[in-house]
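Notes for the one structure printed next.
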Amino acid sequence: MLHGKMTYGRGHDDEENSHFPPVITGVRSRPVSGEFPIGSHGEQMLSSSLHKRVHPYPVSEPGSARWDAKKEGGWKERMDDWKMQQGNLGPEQEDDAEAAMLDEARQPLSRKVPIASSKINPYRMVIVARLIILAFFLRYRILHPVHDAIGLWLTSIVCEIWFAISWILDQFPKWLPIDRETYLDRLSLRYEREGEPNMLAPADIFVSTVDPMKEPPLVTGNTILSILAMDYPVEKISCYLSDDGASMCTFEAMSETAEFARKWVPFCKKYSIEPRAPEFYFALKIDYLKDKVQPTFVKERRAMKREYEEFKVRINAIVAKAQKVPPEGWIMQDGTPWPGNNTRDHPGMIQVFLGHSGGHDTEGNELPRLVYVSREKRPGFSHHKKAGAMNALIRVSAVLTNAPFMLNLDCDHYINNSKAVREAMCFLMDPQIGKRVCYVQFPQRFDGIDRHDRYANRNTVFFDINMKGLDGIQGPVYVGTGCVFKRQALYGYDPPKEPKRPKMVTCDCCPCFGRRKKKNAKNGAVGEGTSLQGMDNEKELLMSQMNFEKRFGQSTIFVTSTLMEEGGVPPSSSPAALLKEAIHVISCGYEDKTEWGLELGWIYGSITEDILTGFKMHCRGWRSIYCMPKLAAFKGSAPINLSDRLNQVLRWALGSVEIFFSRHSPMLYGYKEGKLKWLERFAYVNTTIYPFTSLALVAYCCLPAICLLTDKFIMPEISTFASLFFIGLFLSIFSTGILELRWSGVSIEEWWRNEQFWVIGGVSAHLFAVVQGLLKVLAGIDTNFTVTSKATDDDDFGELYAFKWTTLLIPPTTILIINLVGVVAGVSDAINNGYQSWGPLFGKLFFAFWVIVHLYPFLKGLMGRQNRTPTIVVIWSVLLASIFSLLWVRIDPFVMKTKGPDTKQCGINC
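Residue 877 in the UniProt record's numbering sits at position 877 of the sequence shown; the count goes up by one each step and never skips.
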């Protein structure tokens, strides 16, 4: 064991902790409320300057005798007089600098940056125009049926109406996009004053992992190292690793990581390198000597790189040893069996690797705390996958450190910007907006993706367009990683109530505004002031009347921590008692008959617990913030080959279907409180119904082939006037896309890749998600998702060409083949029938090529590196396409029979 004692078990001594610990509200030496401390001479200005900029103007009000007497004097004389009164007249230059610093510190820590009106106003006009054109288009389509192919026409109408609804739900939440700026220098001026205790809020950082074979310990170790080396006060950082697989491989790898951190962390801080994950820092293909002036840097960098390579070898040896489990199970270094040998039946385990005892680097500086956590697993209990593991981390961290803010990261998402947490604190610690902010979400950025991003892994359209739009309404959705939470929001509390605006006082002469007496208005103001004074104690009063055990569970120390808004642990508690309590709160039965997963913490009920968790917070009235620093805050790895990408999308879509059929469906939930804004609800509804678009998309992608094979079309011959609807619709679609790219900065290639993968994912993963979701709801058949592999290939983009068989590939391959068959059949028929048949063919060919072009990346993915497609895919797809084509040609179920001889008159041989 390394610098700590392994603690595991499932017992809990109720006698030792039967008393209710006192609520500690004065843990901090100074309150962190956003006020900037002022000397005694400024006390009279403190209350009035808390939420506004303070300027060095005279204290006396305009209109007073002293002001009128000085009115004729110059500005300098009045300023000198004010300084004399404040006892602050000294060297003018120093006073000006100090006043400027005080003034700067009182400024907001962030600000909204609205999109330029020259960019956003045309965008909104085109959206409105597109909506009007779409209404006329659908009206024309409905009023002009195709009588000889009524089935094809009706199918296309249903699909187009669904696409229109889906577009409205996706488009209008992007009506108010905004950017944001943060001011890190003001954050330091306000909370990190020289010679005074650091007032930045502590942060607990959560990292979760399950399977070391799919989530390599080297990747997890790099994430941990980037956290320990981040630019934040070390005494205010605590890193918690959740190992939900109870793997000794992960445990030993974290022990090695903690040891290497003693050398890596001081190197990072000494030379201010970025990023602070060694694997990615040493892989940078840039001039690493740029802006480096210390002569020892090259020598120390070379030595550190050698140390890291030795660290990698040790980690690889641990992973290699873990490939084969010994018959008797794993044995720890002290000779005792590893408690997690049975991954489904083991006690809870906590190991403090770094901390206040022994947690120092090679230069003697303190290191952040690193805690290994593996919650208890027993047969017969529902453990709720990742959501359950995250809730266990909430409780463990509350008992051991209880920071008021928490950052959660996937094991493959390292900190790319060492100031990322400071960026979030510019919002969460801002006295004006921070009190109502539940979390700050950062965009996901990825390494190791090929330049063309064939399968839209970067997802920039969502992160750079949709999320900016939501930030202008009530805030972005929570996407599962790269998010800094306010702990009180995860505990299910409502945001603090905003003070009501004072009622307008009117005279009796104007009956339109009511008849209120000034005396009553004055009394009302006094009563309102009394209510505001009692607002601070509202939560304590409410919680004193609730059943703590039913809400939070049977842990007095944890319940006490939930009432400590500023964080901290009771100073009277010993480390041994806290560890024992931490083991208790991660036991299997702790959440029984509590509100965990229902109203508290990460919400259960879907494999995409992130959407549900953010949705519940927004329904309570909280708002979230989208933070996009110039240097990406976090970077992760993405599944760049086709099969893994489709499986990842399948899991997301399946989670959305589960939410749609649950009690938390955005279409039905949250109306009672009325705190969720309508455009925000539109966005949440869209996140749950988008998989159902696959049904319309599959049908619509099959229509071109059917039209070509049956010589029918979904539209009648259109007039010149009617053609204007089609031209206007296409122009509005392209204009909307171009204007979105203009204000968001997304490239046209990224937008096009997103459009292509919308079709690829829609006809494969989303379709299977709908089927699996219906099976789960109607038949109770549950499907287990697999963790996406985070392993990397030594060859650049070697994984891009890897092919893994999955049934998800069959539907898009079938659609691709039948459209190719339809194109060949249509062209052959036109050649045989002469020149007059080419005109009607062009519309059908355009329709078919639209499908083929969107599926082109999928076709390249099937070919792989050797341009070979697995035989099983070819056989299934050709067989299905052939059967489908023959049936349509022979039966024509959607086409009304109007030609041919009468078999009743001439028999079968006519």
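The beta-carbon is built from N, C-alpha and C at its ideal position, and this holds for glycine as well.
So residue i and residue j are in contact, right, with Cβ under 8 Å, and what is the actual spacing, rounded?
i: S242; j: L393; result: 5 Å
i: A705; j: V821; result: 7 Å
i: Y669; j: P476; result: 19 Å between Cβ atoms; not a contact.
i: F446; j: S637; result: 7 Å
i: P658; j: I607; result: The question names Pro, but residue 658 in the sequence shown is Glu. Confirmed, Cβ separation roughly 7 Å.
i: L708; j: G826; result: 4 Å
i: T460; j: H413; result: Incorrect: roughly 17 Å between the Cβ atoms, too far for contact.
i: R454; j: K860; result: 7 Å
i: E366; j: E235; result: 7 Å
i: residue 976; j: I178; result: Any property of residue 976 remains undetermined from this structure, which presents the chain solely from 1 to 910.
i: residue 911; j: L767; result: Residue 911 cannot be examined here, being either before or after the span of the chain that is shown, 1 to 910.
i: T813; j: L739; result: Not really, about 35 Å apart at Cβ, beyond 8 Å.
i: Q441; j: V479; result: 6 Å
Put residue i into one of helix, strand or coil per three-state DSSP.
i: G380; result: coil
i: Q488; result: helix
i: F405; result: strand
i: Y626; result: strand
i: I714; result: coil
i: K290; result: coil
i: E749; result: helix
i: R344; result: coil
i: S606; result: coil
i: V526; result: For V526, the predicted model reports a pLDDT of 40, less than 50, meaning its position is unreliable and no value from the coordinates is stated.
i: D243; result: strand
i: E279; result: helix
i: P704; result: helix
i: S587; result: coil
i: T813; result: helix
i: D829; result: helix
i: T688; result: helix
i: S561; result: helix
i: F840; result: What sits at residue 840 in the sequence shown is Pro, not Phe. Helix, per DSSP.
i: T573; result: In the sequence as displayed, the identity of residue 573 is Ser instead of Thr. Of the three classes helix, strand and coil, the one that applies to S573 here is coil, per DSSP.
i: Y308; result: helix
i: V219; result: helix
i: P122; result: helix
i: M230; result: coil
i: residue 932; result: Given a span of 1 to 910 for the chain in the structure shown, any question on residue 932 remains unanswerable.
i: V325; result: coil
Just list the residues that DSSP pairs residue i with in beta bridges.
i: P337; result: I331
i: K616; result: None; K616 has no bridge partner.
i: V352; result: V371
i: K635; result: Y414 and R445
i: H360; result: E366
i: I237; result: A203
i: L600; result: W596
i: V113; result: D179
i: residue 915; result: Outside the shown range of the chain, which is 1 to 910, sits residue 915, and nothing can be said about it.
i: C483; result: N408 and Q441
query = Enumerated in chain order, which unbroken segments of the alpha helix (DSSP H) with a length of 4 residues or greater are wholly contained in the region 135 to 217?
reply = 150 to 171 and 184 to 191, all fully within the region 135 to 217.
task = Tell me the start and end of each unbroken alpha helix (DSSP H) in the region 417 to 473 that is at least 4 residues and wholly inside, in chain order.
result = Segments of the alpha helix (DSSP H) lying fully in the region 417 to 473: 420 to 428 and 467 to 471.
ask   = Which runs of the alpha helix (DSSP H), 4 residues or longer, sit entirely within the region 751 to 788?
value = The alpha helix (DSSP H) runs lying completely inside the region 751 to 788 and spanning 4 residues or more are 765 to 774, given in chain order.
Ordered list of alpha helix (DSSP H) runs contained in the region 638 to 668, each at least 4 residues = Here the runs fully enclosed are 642 to 660.
ask   = Counting Cβ pairs closer than 8 Å, one from the region 198 to 212 and one from the region 387 to 406, do we hit at least three?
value = The region 198 to 212 makes contact with the region 387 to 406: 3 or more CB pairs, one atom from each, lie closer than 8 Å.
task = Determine contact between the region 612 to 620 and the region 400 to 418, defined as no fewer than three beta-carbon pairs at a distance below 8 Å.
result = No, because fewer than three Cβ pairs between the region 612 to 620 and the region 400 to 418 fall closer than 8 Å, the two stretches do not touch.
query = For the region 207 to 218 against the region 247 to 262, are there 3 or more C-beta pairs whose distance is under 8 Å?
reply = The region 207 to 218 is in contact with the region 247 to 262.
ask   = Is the region 694 to 713 in contact with the region 842 to 851, if contact means three or more CB pairs nearer than 8 Å?
value = With the cut-off at 8 Å, the region 694 to 713 and the region 842 to 851 touch.
query = Taking three-plus beta-carbon pairs below 8 Å as touching, is the region 425 to 442 in contact with the region 485 to 500?
reply = By the criterion of at least three beta-carbon pairs nearer than 8 Å, the region 425 to 442 is in contact with the region 485 to 500.
query = Using 8 Å as the Cβ pair cut-off and three pairs as the minimum, do the region 120 to 127 and the region 736 to 744 touch?
reply = Flag = yes, the region 120 to 127 and the region 736 to 744 touch.
Sufficient close CB pairs (3 or more, under 8 Å) joining the region 562 to 579 to the region 378 to 387 = No contact exists between the region 562 to 579 and the region 378 to 387.
inquiry  = Within 8 Å, do at least three Cβ pairs link the region 309 to 316 to the region 344 to 353?
reply    = No, the region 344 to 353 does not touch the region 309 to 316.
key: Inter-stretch contact at 8 Å, needing at least 3 Cβ pairs: the region 637 to 657 / the region 757 to 776   = Yes, they touch.
request  = Evaluate the contact criterion for the region 421 to 431 versus the region 278 to 289: three or more CB pairs, one atom per stretch, below 8 Å.
outcome  = Fewer than three Cβ pairs drawn from the region 421 to 431 and the region 278 to 289 lie within less than 8 Å of each other, which leaves the two stretches out of contact.
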